[in-house]
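Below you'll find the structure, written out as C-alpha cells, and then a few comments.
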Amino acid sequence: MSTPHIGIAGAGLAGRTLAWRLLRAGCRVSLFDARLRDDQATASMTAAAMLSPLAELAVSDEVVFALGQRSMQLWPRWIAELAATGAPPVYFRQQGTLVVAHAPDQASLEHFTRLLHHKLPEACRAQVHTLDSASLAQYEPALAGRFGGGLFLESEGQLANDQLMAALAAQIDALGCHWHEGQRVDRLAPHFISCAGANYTVDVAVDARGVGSQAAWPQLRGVRGEVLTVECPGVTLQRPVRLMHPRYQLYVAPRPDHRFVVGATELESEDTGAMTLRSMLELGSALHSLHPAFGEARVVRLAAALRPALDDHRPAVALRDGVWHINGLYRHGYLCAPALVEELVHQLLESPA
Numbered sequence: 009m010s011t012p013h014i015g016i017a018g019a020g021l022a023g024r025t026l027a028w029r030l031l032r033a034g035c036r037v038s039l040f041d042a043r044l045r046d047d048q049a050t051a052s053m054t055a056a057a058m059l060s061p062l063a064e065l066a067v068s069d070e071v072v073f074a075l076g077q078r079s080m081q082l083w084p085r086w087i088a089e090l091a092a093t094g095a096p097p098v099y100f101r102q103q104g105t106l107v108v109a110h111a112p113d114q115a116s117l118e119h120f121t122r123l124l125h126h127k128l129p130e131a132c133r134a135q136v137h138t139l140d141s142a143s144l145a146q147y148e149p150a151l152a153g154r155f156g157g158g159l160f161l162e163s164e165g166q167l168a169n170d171q172l173m174a175a176l177a178a179q180i181d182a183l184g185c186h187w188h189e190g191q192r193v194d195r196l197a198p199h200f201i202s203c204a205g206a207n208y209t210v211d212v213a214v215d216a217r218g219v220g221s222q223a224a225w226p227q228l229r230g231v232r233g234e235v236l237t238v239e240c241p242g243v244t245l246q247r248p249v250r251l252m253h254p255r256y257q258l259y260v261a262p263r264p265d266h267r268f269v270v271g272a273t274e275l276e277s278e279d280t281g282a283m284t285l286r287s288m289l290e291l292g293s294a295l296h297s298l299h300p301a302f303g304e305a306r307v308v309r310l311a312a313a314l315r316p317a318l319d320d321h322r323p324a325v326a327l328r329d330g331v332w333h334i335n336g337l338y339r340h341g342y343l344c345a346p347a348l349v350e351e352l353v354h355q356l357l358e359s360p361a
C-alpha cells in the first residue's frame, strides 16, 4: 500500500499531531471531529502544556517517564519543522523547572525530593539540583528572598498549546488533509468511519477522541482539571515554577506578554461545568503567595476540561477490534504525545491494519 488513506477520529493534540506526521510521511489523511478547530473547551486547549518528565515522575511511573524523555527529544525537532514551513510561531522553552515551598510546606518539598531520587534512574539524578536562597534568586530574580531554597530540574520546559494547535491546523490544511470539523463521529470500524450520517471508507481507522471514546473503550474515564490564566506585567518568570501545596502541586507556567497559566486541580469527576469558586480561590491564593504582585493580575481565562485516563494512568497505543486507538493521555498529554504519535506512525506504516 503506497499511499494508505488513514481516517482519524478526534482532532485534539493526539489526533492533530498524528495527522500532521502521517501527511508528512506521504499518507492521505481524513480528520473527523465533533468540534470546530478553534474550540477552546477541550483538554488540549485547557492544558498548561508542561513538559516535565522529572517532576511528573513523582506521581507517575517509569513508562510515562520514558515516553516523556523521548518526547523531550522530539519536541524541539518537530517545532523547528513547523517553523521551517512558515506555520504560525510556537512559543517553546526548555530552560528547566523550579520547585519551591513555603516554610509550612517544607515537608512536602522534602518528600517530593526523596521520591525523585528514589524513582529516577541513576543516570538522571544529576539533573536534580538543590538550591539555597541565593541560587534560587539567580535562576528567578522575581522570587529573590521569598523562599529559603528549592529544586532546579534540568531540561524541562513548556510550550504554548494554543499556538501549537494553530500551527498544526495550518500545516494539516497546507498538506491537503480533508478535515471534517464540527461533525460528530457516530461509529468506527475496521476500514470505516461514520460521521454526521455519512459513511467513509478508509484503509486504517484511528480513534483519538479522548473521553469521547468511552463507548469503544469502557475503561476510559474523565478526570476533571481546571486552570486559571492571568496577565501580570509586574512579574517576570523565565521558566515554570511548581509550588508545593497542601492538596496538590500548583504550577505557574509563563507565557508571552506577561501571561501565566496556573493549575492544576485534579478531580475524580466527569463534570464539564465551569470552574468552581473553591478552585478559583485556591489557585488564586496560592498564586498570590508565590509573589504579591499577582494580587493585581488580571484574570484572562477560567477553564475546565476532562482528561482521558485509564486505570493505570498510562497513555496507550492499542489495536482494538481492528481500530487503532491512541488515548489515556491523562495529565501527561503534551509530555507524552510525540513519543506516542511516533510509535503509532511506525505501527501504521510498517503494518497497517
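In terms of our numbering, the numbers along the sequence shown are unbroken and rise by one, the last being 361.
Cβ coordinates follow ideal geometry from the N, Cα and C atoms, glycine included.
Exposure of residue i, with buried meaning 16 or more beta-carbon neighbours within 10 Å
i, result
"Thr11", "exposed"
"Thr50", "buried"
"Pro61", "buried"
"Leu44", "exposed"
"Gly341", "buried"
"Asp181", "exposed"
"Arg339", "buried"
"Asp215", "buried"
"Asp46", "exposed"
"Val112", "First, the residue type needs correcting, since residue 112 is Pro and not Val in the sequence shown. Pro112 should be labelled exposed."
"Leu285", "exposed"
"Arg24", "buried"
"Val349", "buried"
"Gln48", "exposed"
"Ser143", "exposed"
"Gly336", "buried"
"Val108", "buried"
"Ala366", "This structure cannot settle anything about residue 366, because the visible part of the chain is limited to 9 through 361."
"Glu290", "buried"
"Val307", "exposed"
"Thr54", "buried"
"Gln257", "buried"
Per DSSP, cross-strand counterpart(s) of residue i
i, result
"Leu106", "Phe160, Val249"
"Phe40", "Ala17, His188"
"Leu258", "Leu251"
"Arg101", "Gln166"
"Arg263", "Arg267"
Other residues of its chain near residue i: CB distance less than 7 Å, five sequence neighbours each side excluded
i, result
"Gln103", "Gly165, Gln246, Arg247"
"Gln222", "Leu228"
"Glu276", "Val231"
"Leu124", "Leu62, Leu65, Ala66, Val136"
"Arg309", "Thr237"
Host beta strand (DSSP E) of residue i (start-end)
i, result
"Ala448", "For residue 448 there is no data in the structure shown, the boundaries of the chain being 9 and 361."
"Val212", "212-215"
"Phe155", "Counting along the chain, Phe155 falls outside any beta strand (DSSP E), and DSSP gives it neither H nor E."
"Asp140", "136-140"
"Leu167", "165-167"
"Ala206", "206-209"
"Arg195", "193-197"
"Arg232", "229-239"
"Ser202", "200-203"
Own chain residues within Cβ distance below 6 Å of residue i, not counting five before or after
i, result
"Ile87", "Val98, Phe100"
"Arg217", "Ala17, Gly18"
"Lys391", "The requested residue 391 does not occur in the structure, where the chain is confined to residues 9 to 361."
"Ala95", "Ala175, Ala178, Gln179"
"Ala347", "Leu75, Arg78, Ser79"
"Glu189", "Asp41, Leu44, Arg45"
"Ala145", "Ala152"
"Glu234", "Thr273, Met283, Ser287, Ala312"
Residue range of the unbroken alpha helix (DSSP H) whose run includes residue i
i, result
"Arg78", "70-92"
"Pro61", "61-64"
"Gln222", "Element bounds for Gln222: n/a, residue is neither H nor E."
"Leu123", "114-127"
Sequence-distant residues of its chain with Cβ nearer than 8 Å to residue i (five each side left out)
i, result
"Ser202", "Val193, Asp194, Arg195, Leu196, Tyr208"
"Ala33", "Val353, Leu357"
"Glu148", "Leu106, Leu245, Gln246, Arg247, Val249"
"Ala168", "Ala57, Val98, Tyr99, Phe100, Arg263, Pro264"
What beta strand (DSSP E) runs, 3 residues minimum, are completely inside the stretch 265-352?
Complete beta strand (DSSP E) runs here, min 3: 267-275, 306-317, 324-328, 331-335.
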